[in-house]
Structures are given as structure tokens and as C-alpha cells.
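Engineer: Take the position in the sequence shown, starting the count at 1, then add 197; the result is the number in our numbering. Beta carbons are placed, not taken as given, at the ideal position from N, Cα and C, and that holds for glycine. As the structure is a computational prediction, the values presented were derived from the model and not from experiment.
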Amino acid sequence: MSGGEGGEQFASDEFGTKHWPVEIRLKKEEKRLEIDFDDGRTFSYPAEFLRVHSPSAEVQGHGPGQKQTVSGRRHVGIMSLEPIGHYAVRIVFDDLHDSGIYSWKLLYELGEDQDRLWAEYLAELESKNLSREPKGRR
């Protein structure tokens, strides 16, 4: 999968994309997605991180303040990636969650803010007495 290489500009960019992926690597064994962007930055995303930050309504809710805390996903993997036009990718996780459409803009922002977002997620789990481990494995 690739997009925007060689200075190619897409006619429509209503999604605010500033950085386009030039290479995408799904590392199923490592449960990780790696993306090289056109500005030279590379981000490596654990599947669990992407799953708990899914842009789906199931996770984000349908309005402000409705975001759900997703727990028990320590061992989640990525089964496949499905391109959505030129602007995004749908990630199909092995827990069968597949309703999140990850724009390149969102993935870039998640990459830039990964350390802070992960620390906030772990703190949220702790404050709600939840675990990264699936139920029955705690």
C-alpha cells in the first residue's frame, strides 16, 4: 500500500492529510504496524495501541464525553488492512473489531503522540480498576 509518493497530490484532501504514507508494513508475528511517511518519519504501532485508540463509534462514542475505555486487549493482533480510498485504512483486528477507519492524518497524530496517549491509557485503566489482560487471564 502506498500513496502520494513522488510528490503526487490527491485532488481531494478534505481529511486534512499533510503527510502521506510511502510504505506500510504489517508485522503480524510482532502484532505491530509500521508506517513510513513522506516527511521521513517512521512510526511503529503496537496492535493493542491501535485497537484501544480505534476511531470507531464503538470506542469513541457518538459525541463528546462518550469515549469508552477498551480493556483486555494485551494480546490482540491485526488480521488485515483494507485501503479506504486514498485517505485511510481499515484495520481488521483478530478480536473481529473492524469498524475503525484510520485516516493517514490520524495515524500520523497517533504516532507523534504515542508515548503520551499510552501513558494516559494505562492511567485510565488503573483509575477504573481495569486490566490490559483479557478477562479470565488476570
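Using the beta-carbon count (16 or more within 10 Å), is H250 buried or exposed?
Structural biologist: Per the 10 Å Cβ criterion, buried.
Engineer: Assign L261 to one of two classes, buried (16 or more other C-beta atoms within 10 Å of its C-beta) or exposed (fewer than that).
Structural biologist: The question names Leu, but residue 261 is Pro in the sequence shown. Burial call: exposed.
Engineer: Taking C-alpha atoms, which residue in R271, V286 and S296 lies nearest to L304?
Structural biologist: Looking at the Cα atoms, V286 is the closest of the given residues.
Engineer: Could you spell out the range, first to last residue, of the beta strand (DSSP E) harbouring K299?
Structural biologist: Here the sequence assigns Tyr to residue 299, which means Lys is not the residue at that position. First-last of the beta strand (DSSP E) with Y299: I298 to S300.
Engineer: Closest to E245 by CA distance: which of E309, E321, W301 and D292 is it?
Structural biologist: Among E309, E321, W301 and D292, the Cα nearest to that of E245 is on D292.
Engineer: To test your reading of the DSSP string, which unbroken beta strand (DSSP E) runs of 3 or more residues are found completely within the region 273-319?
Structural biologist: Runs found: 275-281, 285-290 and 298-300.
Engineer: In three-state DSSP terms, what is L327?
Structural biologist: Three-state result, L327: coil.
Engineer: Using CA coordinates, which residue listed in L307, W217, I221 and Q257 is at the minimum distance from L278?
Structural biologist: Taking only the C-alpha atoms, the option nearest L278 is I221.
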